[in-house]
Every structure is written in C-alpha cells, then in structure tokens.
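Residue numbers (this note's numbering): 26 to 352.
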Ligand SMILES: Nc1ncnc2c1ncn2[C@@H]1O[C@H](COP(=O)(O)OP(=O)(O)O)[C@@H](O)[C@H]1O
Ligand SMILES: [Mg+2]
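Printed below as a string of structure tokens:
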C-alpha cells in the first residue's frame, strides 16, 4: 500500500518560536524515521508530507495514497492536533488513529472528564477556570492539582501545581493562565499509584500491559509527573506493573470503557491514578500517543504485549483500513 506519513518539522513551538516541549523536534525526527522504516519493511511505499495550512493540496499531489499515518500533534499549538485530523478526514482516505471529534474531546481535559463521568468512569472532582476570578467550588477537598486544560507532555505541571488552599489556588490559576494563555483546570489530588495504559484496536480493542510510574521521594523524585521529571526521565517505569488480579481487571475494564466512551480508534493511551482508598481514577486520554521507537510509552507497552515496533506500526495501518470510516 501507499502510505502518506504526516509530520511536523517544528513540533510544538509557542507563538514566539520557543519549544514548548524541549525534545519535540528530535522526537518527531526519530518517530518519522522509525515509522517509515517499519512501513517499508512491511512492503509499503511511503511518502512524507509536512503538516501545514496547505496540507490537503500537498496530499492531493501524492499519487494514489491508500492510508494516511498522521504523526503531527500540531505546530504552534497543541490544539492544531485536531485541526490537522479534521482536514485529513475530508479526504476520505483511511486514517491511522482517532477521528476529529475524539481528538477534540481528548484535548480538552474537562470535556473528557464530563464524558467519563457520564459513562460512570471515576475521575477526580474538578473545576475549569476561564477567568482567575471565578468563585471556587466549595465542595473542593484540598490539596488540588492545577494544570492547563489543554496541554500534554506535563506542560504546565510543575511544583507550583500542588495547591493546598483556596488563596494559593486563585494565585496559581492566575499565573498559569498568564503563562499558558488558556483555560486552567484544578482537580482534587490523587495521592496513590500512577499508571498509563495503552489500548489498541477499534470497536473491540485490546488492553496492553499496564505500566506504572514509580515516584520514589526518598530518591529525590517528585510525587507526580512534572514537566521537568518527564524531560529528565527521573521517574522509574515498570511494565507490566505489579498488581493484584482485582485491581488489574478493574484498570483494564476502565481503560477499555474510557477508550470506547471517547470513541477512540486505532490506539490511545490512558493515564490513571489511585485515590487515598486505592480506587482508580482516569486523569486523561492521550488520543495521539507518541510513537518514538525505544522511548515513547505506547510502543514500549505494546512491545511487552507482544507487538514489536514493526508489528505495531503494521497493525495500526491494518486497523485504519479495517475501520473503513471514510468509505
Ligand atoms: N489529580 C491529580 N492528582 C495527582 N497527580 C496528578 C493529577 N493530575 C495530574 N497529575 C500529575 O500530573 C501529570 C500530568 O497530568 P496529565 O493530566 O496526565 O496531563 P498531560 O497531558 O500533561 O500528561 C500526571 O502524569 C500526574 O503525575
Ligand atoms: Mg498525561
């Protein structure tokens, strides 16, 4: 098959041209190389197209594409992740991964949480602020975590995100709103273990082995995944996580249900944390998980689940063709 791989040369620059994700450009280069190599090994022909405002015309210039494999999570703004998928859907060519509406839901953490609550999937009590002066809900149980409502890669999650009282909450919401120029989400702090779970498939998806992020405070680690901890890889990862059978099946069931509730297709990665009673809650869904070989979580957990990188990439293309959403 002829596969068009969409990439962005400068992943996640802010409006002033600074890298929001410090490793974005390098990660994209590695990912494009890895995906291209895997596709070519599987006998596919690959054409790479850079994501830009002329994306549709650039793809139309490609000779008979069978599948589109989008790797671009936006150029100057993470919200463009959905814009590009929206443009690509208009071509009626099978597309790897989820459709436009899923990305919109997944990019807005509070929207995701509303859908999860409706589906009976636990997620921490929260409040979204469009304005730092908004009254704070009085049933909030502190501490809370404050983070941008639509970002990824722990951008905007730092030591100041952990907030123990209303006054500090107001100040931190104000500060983060200035820095990240968008809605800010506060949600009750979940002090327990943290997991990320890859889900692979379409309407009957499979749940890949569960990965735990282990925060060892004694070894100087933070209690949660700050942007610095993520960039410096200071948190230990364990996959498969050590879990008793009951918790394992509960996490698997919640991951599958969350995937279906947001109508994900192909693949998604779902972040979880346990509350003080050991009950799992969904933090967020990553509707376009990174695919950097030997680095990103998704290929890593897929490998543990029996999909080496080449098989995973091949399978994602097969899932896109099977789905026939655009036929
Ligand atoms: N309610 C919460 N309780 C505890 N930790 C949290 C909470 N929300 C976020 N975090 C921490 O912040 C990290 C990033 O938050 P997340 O919602 O996954 O956003 P991102 O899109 O940046 O990955 C999580 O991996 C977790 O360690
Ligand atoms: Mg996350």
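Cβ atoms here follow ideal geometry from the backbone N, Cα and C, with glycine treated the same way. Just so you know, these numbers come straight off a predicted model, no measurement behind them.
For the candidate residues 159, 121, 87, 86, whose alpha-carbon lies nearest to that of residue 60?
-> 121
Identify the residues that DSSP records as bridge partners of residue 259: which are they?
-> Answer is none; residue 259 lacks a bridge partner.
Can you list, in chain order, the residues of its chain whose CB lies under 7 angstroms from that of residue 261, leaving out five sequence neighbours each side?
-> Here the set comprises 239, 241.
Taking only runs of the alpha helix (DSSP H) that begin and end inside the segment 191-265, which ones reach a length of at least 4 residues, in chain order?
-> 191-205, 252-257
Since residue 75 is in the beta strand (DSSP E), which residue starts that stretch and which ends it?
-> 70-75
Got a sec, what are the start and stop residues for the beta strand (DSSP E) residue 355 sits in?
-> Residue 355 lies beyond the range of the chain shown here (26 to 352); nothing can be said about it.
Are the beta-carbon atoms belonging to residue 58 and residue 81 less than 8 angstroms from one another?
-> When the beta-carbon positions are compared, residue 58 and residue 81 stay at least 8 angstroms from each other.
Looking at residue 258 and ligand 1, is the gap between the Cβ and the nearest heavy atom below 7 angstroms?
-> no
Residue range of the beta strand (DSSP E) that residue 274 falls in?
-> Per DSSP, residue 274 lies in no beta strand (DSSP E) segment; the continuous alpha helix (DSSP H) that holds it begins and ends at 270-286.
Going by the beta-carbon positions, is the gap between residue 215 and residue 280 smaller than 8 angstroms?
-> no
Is there at least one non-hydrogen atom of ligand 2 closer than 7 angstroms to the beta-carbon of residue 132?
-> no
Quick one: Cα of residue 182 to Cα of residue 248, how far?
-> 12 angstroms
For the segment 217-235 and the segment 182-200, state whether three or more C-beta atom pairs, one from each stretch, are separated by less than 8 angstroms.
-> no
Taking all protein chains shown into account, do 16 or more other C-beta atoms lie within 10 angstroms of the C-beta of residue 307, making it buried, or fewer, making it exposed?
-> Its Cβ being crowded by 16 or more others within 10 Å, residue 307 is buried.
Is the Cβ-Cβ distance between residue 294 and residue 265 less than 8 angstroms?
-> no
Tell me whether residue 152 is buried or exposed, calling it buried when 16 or more other Cβ atoms sit within 10 Å of its Cβ.
-> buried
Which residue from 334, 299, 282, 164 puts its Cα closest to that of residue 230?
-> 282
Any idea what DSSP makes of residue 143, helix, strand or coil?
-> Note: residue 143 maps to helix in three-state DSSP.
Beta carbon shell of ligand 1 at less than 5 angstroms from a heavy atom | Cβ-based neighbours of ligand 1 within the cut-off: 149, 170, 177, 179, 182, 212, 214, 215, 249, 250, 296, 308, 309.
Can we count residue 311 as close to ligand 2, meaning its CB is less than 7 angstroms from some heavy atom?
-> yes
8 angstroms CB neighbourhood of residue 275 in its chain, flanking five on each side removed = 305
Indicate the three-state DSSP secondary structure (helix, strand or coil) for residue 106 in the structure shown.
-> helix
Run the CB neighbour count on residue 317, radius 10 Å, all protein chains shown included, and call it buried at 16 or more, exposed below.
-> Residue 317 should be labelled buried.
Could you tell me which residues DSSP pairs with residue 151 in its beta bridges?
-> 212
Taking the CB atoms as reference points, tell me whether residue 277 and residue 329 lie closer together than 8 angstroms.
-> no
Along the chain, which unbroken stretches of the beta strand (DSSP E) at least 3 residues long are found entirely within the segment 158-188?
-> 169-173
Got a sec, what are the start and stop residues for the alpha helix (DSSP H) residue 334 sits in?
-> 334-348
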